[in-house]
Each structure stands twice: as structure tokens, then as C-alpha cells.
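What follows is a short report on a single structure.
In the working numbering, the protein residues as written are 63 to 535.
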């Protein structure tokens, strides 16, 4: 028993060797021993103020090592009242251990660089998107890292700070020109800490037609539309619709005392194409609104939103097409008016009259009505797209030739913003036109298939009748 206990104790005292790690594990474990990795599982995290959904992720940080091949301190010589300072310089080279540690650090950094190289080579578009998304996150993270920086960023984005500086510059010059201030120092002192003085002494500039170009409070888009040589013939409602399409920026005064500042309101341009595209089942447009300038608000500093009283072109076209189709089925010309025929023949490049003549068959009443509805909606949308495209051309002509377009840098930047908005609207309208014609192509293909089947059936019926008559004879 003593010998047996001794053998058991000897076996328990032996340590079992650990399994040898794989190549990759050895590689990362030996990377200077300072690599850091982190794995985040996917999930949903909820708190009292924030809900976050995350897809998880994996992070590996390879240590970055700086390596200096040699160090050299140049000679130094300085002389002055304090005496003479002379240093003849020094030179040193790294040791063998430092060089080996540097090579290990290079090895630990290669996988990340190789992955980036593979991503750029195999999928450059994805690499570009990832890089752009990363830069965007970094930019916004730096701007919203704390409440003070976030507030300053929001103020800069509205343009209120730049506009207030412009007002102060104009007010300072006006104080000097009018003799209220004797020199630049006095004018600067009067406007440096008194916002009410700034707004009170900003001069209002107008063009030859009396339209406001610059003022302490201004609606930029409305001022440009009013100062254009082409808008004198445009009604007020049309200019309001133009402003609704491209949007505007409005600067007004906030506060009345010495702490008065400029307040900026940005009204984004709207997609009025969908609003103008009504339903064939409704007489009027639903949920279609536009900006409206109150009569007493000549500068349009406080625009209101009102319902559009425009025509529901989709319903009107469907009504005219229905009248013309019923007159064909009943052989009664009185059921369609001359106005209906003119509308069907002129509002769109789609030959609606010819189409109605083709699909108006008593045998396929329901089918022909569905096909006709597709083409009526396409014709209505095409007419709306063409009208909006012409509207954007008119807006661009007006703002680029407006008297206040180059009055100052703020107006010039706003003109560029409107031009970019117009370009985006035109691109969207072009894409929608393509979708319209694709939809009509599918409907036309379906019609051709039905006509082919009908011709085949009629041909087979004629052949059967002929064969039966031949058999009887």
C-alpha cells in the first residue's frame, strides 16, 4: 500500500503539457505581446434615454512601434552676452534587440494592411464607401463630442453666426458714413456688444425696381425671385410655388435689447411632383400644400402653409377619357365635349385618343378600362414632369439674373445651393420619366400578347368552320 501511494503521488505531481497552439495564434501571441482584441456581440441595448441596435463587431489593435535607424545630434554653436556655448554633436545606432523588436512589430501590422489592400483590389467601390463612411463618422463625432461643441456646430450650420458678422460689418460702415460714429474705433465699440444697435443701423439696399437686395431681416429665395427681371410677369402664387420647390433660408431678429441676435430658419425644398399627381378617383388634390406669403408680410419672413388649389390633372384626364370611351361604345358623339378631346390630344405625347380607339371593345370592357387607366396616369405624370422641368428652368434663369445674386457672399452661396437643388430635381424627374415609359412598355407588351391570342383564336375558329363546311359538302 505504501508503494502504491507513492506511485499515485508521483503521477499527480507530473504536469500534463498543454496542446501546441496553431500558427495564427502563435503569430498574434508573439506580436510584441501588446496586441489588443475586442469582440462585441449583436444585440439591442435599452436605457432610459437611448435605444441602440447593433450588429456586433470585431476589433484587433496591433501595436505601432516607432523605429529610429540612427540618431544624430548636429553641432551647436551660440554666442551672446551670456558667453559661448559650443557642442560638437553626437551619433548613435540601435542595438540588435531593438531592431528585432521593430521587425516583430512590422509583422503584427501586415495583416491589417493586407486586408485593406485586398479590399481596395477586389472591391474598390466597397472600399471607397467604407472609407467615406468612416470619414463621415469621424467628422460628426468630432463636431458633437460635447454639448458646447455641438451647440457651436449647429449654430455654424444654420449660418446665423456668419450672417450676424455680416450685419455688424454693414452697421459699422453705416455708422461711420452717416457721421454717427467719428471713427472706426467708435463704430466698433457701438456694435461690439449691442445687438439692437447692429440691427437698427443696417442699411436696406434695393435695386432699380424697388426690390430688396440686402436687409437686416430677409427671405433669401423670395428676395431673389422678386429681384429677377423675368418674374415681373409671374403671379405671386407661381413664385410661392417656386419657393416651395427649391426651399429658402430666412434671417430674422431674435430679441430687442442689447443681446439681440440673428435667427436662421431653413425651409427645405419639397417634392411637389407627388403632391400634384392626384388620384383618378378624387376631384381635388389631397394633401397638396405650398408656401404662401401673407399679404402684409411683404418680405415673406413668416411664410404659411396652405392647400394647393391646382387642378387634379389625373382625374381630369380620366374623366375626359371616360367620356370619349363612352361615346364610342354608345355611338353617341354628344357624350364627349370638344374640351375633352383637346385635353386628350394636347396634354401629353402619349396618343391617348388612338389608344382609346384601339382598346374600346365591348367584349373586354374591364380589361380595356385597366389598360386605359395605366396610360392616363402615365400621361398625367408625364405632363406634370414636363411642367416641373420647365419650372426649374425658369427658376434658374430668375435667380442667376437676379439683381441681388452677387450682392454679397451669402446671396451668392444661396444661389449655388438653389442651383444644386434644381439639378437634383431634374435628375429625379428624368428617372421618373424613365419609369413611366417602362411601365407603358410592360402594358403595351401585355396588349400585344392579348391581341396575338385573339387573332389565333379567331383564326382557329375560321379554320374549323371552313373544315366543317367542306365535310358537309
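Where is the CB? At the ideal position from N, CA and C, for every residue including glycine.
Per DSSP, residue 481 is paired with what?
Along the chain shown, one-based indexing puts residue 481 at 419. Note: residue 481 sits in no beta bridge, so no partner.
For residue 310, which of 479, 490, 223 and 160 has the nearest alpha-carbon?
Taking the first residue of the chain shown as position 1, residue 310 is located at position 248. Among 479, 490, 223 and 160, the Cα nearest to that of residue 310 belongs to 479.
Suppose you measure from the CA of residue 221 to the CA of residue 477; what does that come to, to the nearest Å?
Residue 221 sits at position 159 when you count from the first residue of the chain shown. Residue 477 sits at position 415 when you count from the first residue of the chain shown. Going by the C-alpha atoms only, they are around 15 Å apart.
Quick check on DSSP: helix, strand or coil for residue 317?
As a working note, residue 317 is residue 255 in the chain shown. If DSSP states are grouped into helix, strand and coil, residue 317 belongs with coil.
How do the stretch 273 to 288 and the stretch 430 to 449 stand: do at least 3 beta-carbon pairs fall below 8 Å, yes or no?
Not touching, per the Cβ criterion.
Rounding to the nearest angstrom, what Cα-Cα distance links residue 415 and residue 374 in this structure?
Taking the chain shown and counting its residues from 1, the one referred to as residue 415 is at position 353. Taking the chain shown and counting its residues from 1, the one referred to as residue 374 is at position 312. Taking the straight line from one Cα to the other gives about 20 Å.
Ends of the alpha helix (DSSP H) at residue 370?
Position 308 of the chain shown, counted from the start, is the residue given in the question as residue 370. Taken as a continuous stretch (DSSP letters only), residue 370 belongs to no alpha helix (DSSP H), as it is neither H nor E.
For residue 390, which residues from the same chain have a beta carbon less than 8 Å from its beta carbon, with the 5 sequence-adjacent residues on both sides left out?
The residue labelled residue 390 in the question sits at position 328 within the chain shown. Closer than 8 Å at Cβ, skipping near neighbours: 418, 419 and 422.
For residue 484, which residues from the same chain have a beta carbon less than 8 Å from its beta carbon, with the 5 sequence-adjacent residues on both sides left out?
The residue you call residue 484 lines up with position 422 of the chain shown. Answer for residue 484: 308, 454, 457 and 458, listed in chain order.
Output needed for residue 305: all residues of its chain with C-beta closer than 7 Å, excluding positions within five of it in sequence on either side, in chain order.
Walking along the chain shown from the start, residue 305 turns up at place 243. So the list reads 283, 284, 287 and 353, once near-sequence residues are dropped.
Assuming contact is defined by CB atoms lying nearer than 8 Å, are residue 321 and residue 257 in contact in what I supplied?
Counting from 1 along the chain shown, the entry for residue 321 is found at position 259. Counting from 1 along the chain shown, the entry for residue 257 is found at position 195. In contact: residue 321 and residue 257 (Cβ atoms closer than 8 Å).
Taking all protein chains shown into account, do 16 or more other C-beta atoms lie within 10 angstroms of the C-beta of residue 379, making it buried, or fewer, making it exposed?
What you label residue 379 is simply residue 317 of the chain shown in a count that begins at 1. Flag for residue 379 reads buried.
Residues in the same chain with beta-carbon distance under 6 Å from residue 387, minus the five sequence neighbours each way, listed in chain order, please.
If you number the chain shown from 1, residue 387 lands on position 325. The answer, listed in chain order, is 418 and 422.
Give a yes or no on contact between the stretch 394 to 402 and the stretch 350 to 370, applying the rule of three or more CB pairs nearer than 8 Å.
Cβ pair count under 8 Å is below three, so no.
According to DSSP, is residue 466 part of a helix, a strand, or is it coil?
What you label residue 466 is simply residue 404 of the chain shown in a count that begins at 1. It is coil, neither helix nor strand.
Going by alpha carbons, who is nearest to residue 270 out of 200, 246, 465 and 440?
Taking the chain shown and counting its residues from 1, one reaches residue 270 at position 208. Checked all of 200, 246, 465 and 440; the closest Cα to residue 270 is 465.
Which residue's Cα is closest to the Cα of residue 355: 494, 312, 234 and 324?
Walking along the chain shown from the start, residue 355 turns up at place 293. Among 494, 312, 234 and 324, the Cα nearest to that of residue 355 is on 312.
Taking C-beta to C-beta, are residue 377 and residue 409 nearer than 8 Å?
Counting from one through the chain shown, the residue named residue 377 turns up at place 315. Counting from one through the chain shown, the residue named residue 409 turns up at place 347. No.
How big is the Cα-Cα spacing for residue 260 and residue 289?
Taking the first residue of the chain shown as position 1, residue 260 is located at position 198. Taking the first residue of the chain shown as position 1, residue 289 is located at position 227. If I take the Cα positions, the gap works out to 25 Å.
Could you give the uninterrupted runs of the beta strand (DSSP E) lying entirely in the stretch 425 to 461, keeping only those of 3 residues or more?
List check, beta strand (DSSP E) in window: nothing returned.
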